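Numbering (the working numbering), first residue to last: 493 to 603.
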C-alpha cells in the first residue's frame, strides 16, 4: 500500500516569495521561472501555474513589470504588486553588491 502524502499549505507570504522568484527568474532568463520555482521549492508545476494565474503580469513601458489586473481580489493584487517590488529590490541589491565589490577593487588598486 502506498504511503499517504501530506500536503503543505503555503501562507500568502510564502506564495508571494515564490511568485517573486518566478518574476525575477523570468526577468533574468526570459522564461522558465515556473519550472525553476517548482524544482527549487518542491512544488508541482500546476501549483505554481495556478498561483501565477492570480497575478496576471504584463510588461509595461521602459522594461518595468506592471500588474494589470491581478486576479481574484484586492489582496491578490497587492500581493502581486509586492512580488514585483520584491523582485526589483532583489535585482537592485545584486547590482549594488557588484558595484561595491568593483569599488573595493578599484580602491585597492589605487593604493
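Every residue, glycine too, gets a C-beta built ideally from N, C-alpha and C.
Note that this is a predicted model, so its numbers are computed, not measured.
Cutoff 8 angstroms; reference residue i; Cβ partners in own chain excluding five residues on either side
i           : result
residue 690 : Residue 690 lies beyond the residue range present for the chain, which begins at 493 and ends at 603; the question has no answer from this structure.
residue 599 : none
residue 566 : none
residue 554 : Legend: pLDDT at residue 554 = 36, less than 50; position of this residue unreliable, value from coordinates given subsequently. If we look at residue 554 and ignore the five residues flanking it on each side, it has no Cβ neighbours.
residue 499 : none
residue 535 : 510, 529
Contact belief for residue i with residue j at Cβ below 8 angstroms, rounded distance in angstroms
i           : j           : result
residue 543 : residue 501 : Wrong, their Cβ atoms sit about 13 angstroms apart, outside the cutoff.
residue 519 : residue 579 : 7 angstroms
residue 527 : residue 537 : 6 angstroms
residue 571 : residue 504 : 6 angstroms
Where residue i sits in the DSSP three-state scheme
i           : result
residue 524 : coil
residue 594 : helix
residue 499 : coil
residue 515 : helix
residue 603 : coil
residue 536 : coil
Same chain, Cβ closer than 6 angstroms to residue i, five either side skipped, listed in chain order
i           : result
residue 525 : 514, 517, 518
Residues of its chain near residue i, where Cβ-Cβ distance is below 7 angstroms and the 5 sequence neighbours each way are ignored
i           : result
residue 521 : none
residue 541 : 526
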